[in-house]
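Asker: Can you keep this structure in mind? I'll have questions shortly.
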Amino acid sequence: MADDLPDWNLDDDELRRAGSIKWTFAGPRILPAWVAEMDVRPAPAVRAALLDAVERGALGYPMPDAASGLPEATAAFVGRRFGLPVDPARVISCGDVMAGVRLTLEVLCDPGPVVVPTPAYPPFLQVPEVTGRGLITVPCRGRDLDVEAIGAALAAGGRTVLLSAPHNPLGRAFTATELTALRDVVLAHGARVISDEIHAPIVLGDTRHVPYASIEGTEGHVTTVLAASKAWNIPGVKCAQVIAGNPADLAALRAAPLVANHGTSPLGVVATVAAYTDADTWLDALLRDLAERREQFGSLLAQRLPQVSWTPHEATYLAWVDARGTGLADPSATALAEAAVMVHPGRLFGQGYEGFARVNLATSAERLERIVDRLARAWGG
Ligand SMILES: Cc1ncc(COP(=O)(O)O)c(C=O)c1O
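Be aware that the sequence shown starts at 449, since it is given in our numbering, and climbs by one per residue.
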């Protein structure tokens, strides 16, 4: 195994011993294909940075952003991979992406309702209430944002659009045209956008990630939140980045009391700097592997589960499958009960998605085959 190639060669016992929620939540009999974690060994550069940090005893409170190198590494990565120039001074560290979303809602956004396109990453449906705000869900039109309906939700009082770009669970990488249309309705209503771009490094094939902040005219209302945690599989070390859209937002975010934004870790910072700085080769190889898993999943579905419908994702490693053709009321529950395979239930992603399931494809080719075998057993393939 070349040093810079992702190593998927971990057996089920090793993954269970690693102790992540994916492999421990449901117990040893269950084959997990649910939460967004990958069954891959840490990238060598990330592993080395973490071991070095532990050896140095870097286990105290984290350095301030001005001294940690994280803002510079984030800006360089976003510039190099997405073509967006970012002033490192605009980058603020936080514990994780949802903490960054909360911080932005509490510090920058009006107390009015949050508009969330559905299907939605389940915590998006919870964070408005946690921050004392209402929720307006807007179903996507197929796999596209329904910009007109988002405009109507803003006209009805919505103040903030919470966007997942690329989109979890749809796997869409939104185009500049779609994002420009979104910008227009947001500007028309004086609203804000929080653009959660945690999946931005994971775009497959020829797809490109377009940051919402790269669309002209968004700087007055956008806040971007991202992290290395999905692409390098390091959510447990706790580090995400908020990129303020403009100097006034930056000042407000920086002025927030410590208790409002307390939670990154020195291990998270060093792992993220290593990922953003020294791991492009590993990431490129990972994206090729994830594209192969996507092809494999398509072939397996065609052979084993023709009653399930699926459109290949452009980004993420998550397959959003329409399992209504199985005739089952809750396909995920049946998969768990009948075939001991755990996929994410569609009902958690919003109303109307009960017949859907999200399947995590970030695993070895061999295990993906086992996952589909079990789904086929449960879903009558
Ligand atoms: C769109 C999206 N946002 C946020 C998160 C969670 O990120 P964090 O653990 O950094 O809060 C996930 C995790 O899968 C996600 O898919």
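Every residue, glycine too, gets a C-beta built ideally from N, C-alpha and C. Quantities reported herein were computed from a predicted structural model and do not represent experimental measurements.
(1) Put Arg-589 into one of helix, strand or coil per three-state DSSP.
(2) Does Met-449 pass the burial test, meaning 16 or more other C-beta atoms within 10 Å, or should it be called exposed?
(3) Using alpha carbons as the reference points, say which of Leu-776, Gly-794, Ala-785 and Thr-782 lies closest to Ala-767.
(4) With a cut-off of 8 Å, do at least 3 Cβ pairs link the stretch 507-526 to the stretch 740-747?
(5) Under the DSSP definition of a beta bridge, which residues are partnered with Asp-644?
(6) For ligand 1, I want to know if Pro-536 counts as a neighbour, meaning its beta carbon is within less than 7 Å of at least one of the ligand's heavy atoms.
(7) Kindly identify the DSSP beta-bridge partner or partners of Arg-806.
(8) Roughly how many whole angstroms lie between the Cα atoms of Arg-464 and Leu-610?
(9) Quick check on the burial criterion: 16 or more other C-beta atoms within 10 angstroms. Buried or exposed for Ile-469?
(10) Take Pro-617 as the anchor and find which of Arg-822, Phe-804 and Glu-814 has the nearest alpha-carbon.
(11) Can you find at least 3 beta carbon pairs, one from the stretch 681-695 and one from the stretch 540-560, that sit closer than 8 Å?
(12) Do Val-670 and ligand 1 come close, with the Cβ less than 7 Å from some heavy atom?
(13) Short check: CB of Leu-816 to CB of Leu-809, under 8 Å?
(14) Roughly how many angstroms lie between the CA atoms of Phe-530 and Val-651, to the nearest whole one?
(15) Nearest to Val-721 by CA position, among Arg-550, Leu-749 and Ser-677, is which residue?
Answerer: To lay it out plainly:
(1) strand
(2) Low per-residue confidence applies at Met-449: pLDDT is 48, beneath 50, and the placement is therefore not dependable enough to give any value.
(3) Gly-794
(4) no
(5) Ser-612 and Val-673
(6) no
(7) Trp-768 and His-792
(8) 34 Å
(9) exposed
(10) Phe-804
(11) yes
(12) no
(13) yes
(14) 11 Å
(15) Ser-677
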